[in-house]
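Under my numbering, residues 37 to 379 are what the sequence shown spells out, in order. For glycine and all other residues, C-beta sits at the position ideal for the given N, C-alpha and C. Structure first, commentary second.
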Amino acid sequence: MNSRLFYGQLFGVLLIIVLLLFAVPRYLKDIPKNLSKKVSENLSSKQLSWAAVRANGRDIILSGVAPSIEEHDNAIQSAKDVFGVRDVVDKISPEVITPYTLNMSMNKNEIILEGYMPTKEDKEALLSLVKEYYPKQKLIDGIDIGTGNPESWNELVLTITKGLKGLDASSIHIVDDEVQVSGKIKTQKEKEAFEASLNEFKNNPYKITTHIVSMDRPIIVCQEKFNTLLSKQKIKFASNKSDIASESQKLIKELSYISSLCPQAKMVIIGYTDSLGNDEKNKKLSYERAQAVVSKLFQEGVELERMRALGEGESKPIADNKTEEGRAKNRRIEFKVIMNEER
Numbered sequence: 037m038n039s040r041l042f043y044g045q046l047f048g049v050l051l052i053i054v055l056l057l058f059a060v061p062r063y064l065k066d067i068p069k070n071l072s073k074k075v076s077e078n079l080s081s082k083q084l085s086w087a088a089v090r091a092n093g094r095d096i097i098l099s100g101v102a103p104s105i106e107e108h109d110n111a112i113q114s115a116k117d118v119f120g121v122r123d124v125v126d127k128i129s130p131e132v133i134t135p136y137t138l139n140m141s142m143n144k145n146e147i148i149l150e151g152y153m154p155t156k157e158d159k160e161a162l163l164s165l166v167k168e169y170y171p172k173q174k175l176i177d178g179i180d181i182g183t184g185n186p187e188s189w190n191e192l193v194l195t196i197t198k199g200l201k202g203l204d205a206s207s208i209h210i211v212d213d214e215v216q217v218s219g220k221i222k223t224q225k226e227k228e229a230f231e232a233s234l235n236e237f238k239n240n241p242y243k244i245t246t247h248i249v250s251m252d253r254p255i256i257v258c259q260e261k262f263n264t265l266l267s268k269q270k271i272k273f274a275s276n277k278s279d280i281a282s283e284s285q286k287l288i289k290e291l292s293y294i295s296s297l298c299p300q301a302k303m304v305i306i307g308y309t310d311s312l313g314n315d316e317k318n319k320k321l322s323y324e325r326a327q328a329v330v331s332k333l334f335q336e337g338v339e340l341e342r343m344r345a346l347g348e349g350e351s352k353p354i355a356d357n358k359t360e361e362g363r364a365k366n367r368r369i370e371f372k373v374i375m376n377e378e379r
């Protein structure tokens, strides 16, 4: 009885082993097929049918062209969610974009990004740079991933992004190799430096157009016009007095007109004398003459708060005080145009 039971049990064990030897390989062989089917069904249910599915054992390989970075990430996660999947290999390509674009607009409150970068790493590099350079502005991210970008795309975008730091308000529009940058910047010098930073990209392969207004441009124009006018004509005064000669009234009117070309700027009117006489008296006389010019310009409609008189006396001569001709040149009025925040 015991031997029969023993042999019966042994037969059962052997039968199970035989079944396993035949069934397990078949089961393992079917795992990739079954997982592939389940992943495909899950992707299809989420409108992600563009993703191609292939299985290698319990590993799933996804390929295809992702319409957006969001759909790319959703496809990867949907594959990972299927029971039995060990790992997901990402071989998805970004979509080829035509035309390839990037738009950036910035003001004091926010920065809006729209368009494409070639890879996720390139996008993260751009976002990181924006956060580093513009921490106070709210970042609105509308960047997707796509191929089809012109060469040196990343370098161009990052260079422009860095350069915008000096701009008060700006916008960038890039369509393939056409680049337009517009905005306002504080000084002409900063404008020239920014435009120079883009030179390496011009015609290589980009066509770059800038519409940048330097806020000190009217100041530069005014200063140039004041300098030119006063190099040709002088405001004349009564000898050793601050009374402006009547013959200089026309010149005062011209100076008043020039000041209207830069209404947001302030002006320092500076008086100088020759070296004859007492230094303290010369300084007092030069100030009084500068103040007289301020009064005349006020009468012509120039706002008083835009002007400041300064007397420099015999300091900073522009000619030799040993000759009458030189002393005549040193007796002068100069205009210095400044931005409102300067003193």
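By the Cβ neighbour-count rule, Leu312 is exposed, with fewer than 16 other Cβ atoms within 10 Å of its own. Assigned with DSSP and collapsed to three states, Tyr152 falls in strand.
Closest in alpha carbon position to Ala111, among Tyr136, Ala91, Ser80, Gly93, is Ser80.
Three or more beta-carbon pairs separated by less than 8 Å are not found between the region 165-176 and the region 120-133, which leaves the two stretches without contact.
Taking C-beta atoms as the reference points, Val121 and Leu71 count as a pair closer than 8 Å. By DSSP's assignment, Met303 forms a beta bridge with Met343, Val373. Under the three-state reduction of DSSP output, Gly313 falls in the coil class, being neither helix nor strand. Rounded to the nearest angstrom, the Cβ distance from Pro68 to Gly93 is 6 Å, consistent with a contact under 8 Å. If you check the CB distance, Ala301 and Pro254 come in under 8 Å. The count of Cβ pairs closer than 8 Å, one atom from the region 305-321 and one from the region 360-374, reaches three, so the stretches are in contact. A direct Cα-Cα distance of roughly 8 Å separates Leu321 from Thr309.
Inter-segment contact for the region 233-240 and the region 183-197 is present: three or more beta-carbon pairs are separated by less than 8 Å. For Gln113, the uninterrupted alpha helix (DSSP H) run begins and ends at 105-116, by DSSP. DSSP, reduced to helix, strand and coil, places Leu287 within a helical segment of the structure shown.
Closest in alpha carbon position to Val249, among Tyr152, Ile221, Met153, Gly337, is Ile221. A distance of 8 Å or more separates the beta carbons of Leu163 and Thr197.
The straight-line gap separating the alpha-carbon atoms of Glu339 and Ile105 is approximately 58 Å. Per DSSP, the continuous alpha helix (DSSP H) segment holding Ile256 begins and ends at 253-268. Rounded to whole angstroms, the separation of the alpha carbons of Phe273 and Gln335 is 18 Å. By the criterion of a C-beta distance shorter than 6 Å, Val217 is surrounded in its chain by Ile208, Thr246, once the five residues flanking it on both sides are discounted. Check the Cα spacing between Ser331 and each of Val166, Ala364, Ser292: the tightest is with Ser292. Per DSSP, the unbroken alpha helix (DSSP H) holding Gly362 starts and ends at 360-366. The C-beta distance from Gly347 to Lys319 rounds to 5 Å, short enough to fall under 8 Å. Pairing Met142 with Leu200 gives a Cβ-Cβ distance under 8 Å. In the DSSP assignment, Leu192 falls within the alpha helix (DSSP H) that extends over 189-199. The Cβ atoms of Ala102 and Pro130 lie closer than 8 Å to each other. Per DSSP, the continuous alpha helix (DSSP H) segment holding Ser233 begins and ends at 224-233.
Boundaries for Gln173: no beta strand (DSSP E) harbours it, and the DSSP string shows neither H nor E there. Taking the Cα of Glu187 as reference, the smallest distance to any Cα among Asp204, Ser206, Asp213, Ala205 is reached at Asp213. Annotation: Lys73 to Ala91 spans about 9 Å, alpha carbon to alpha carbon. Secondary structure note for Arg90: its beta strand (DSSP E) is the uninterrupted segment 88-92.
Cβ-Cβ distances below 7 Å link Asp356 to Gly362 in the same chain, with the five nearest sequence neighbours on each side left out; the list follows chain order. Distance from the CA of Ala326 to the CA of Pro353, rounded to the nearest whole angstrom, comes to 16 Å.
Nearest to Ile96 by C-alpha distance, out of Asn78, Lys82, Met251, Ile181, is Asn78.
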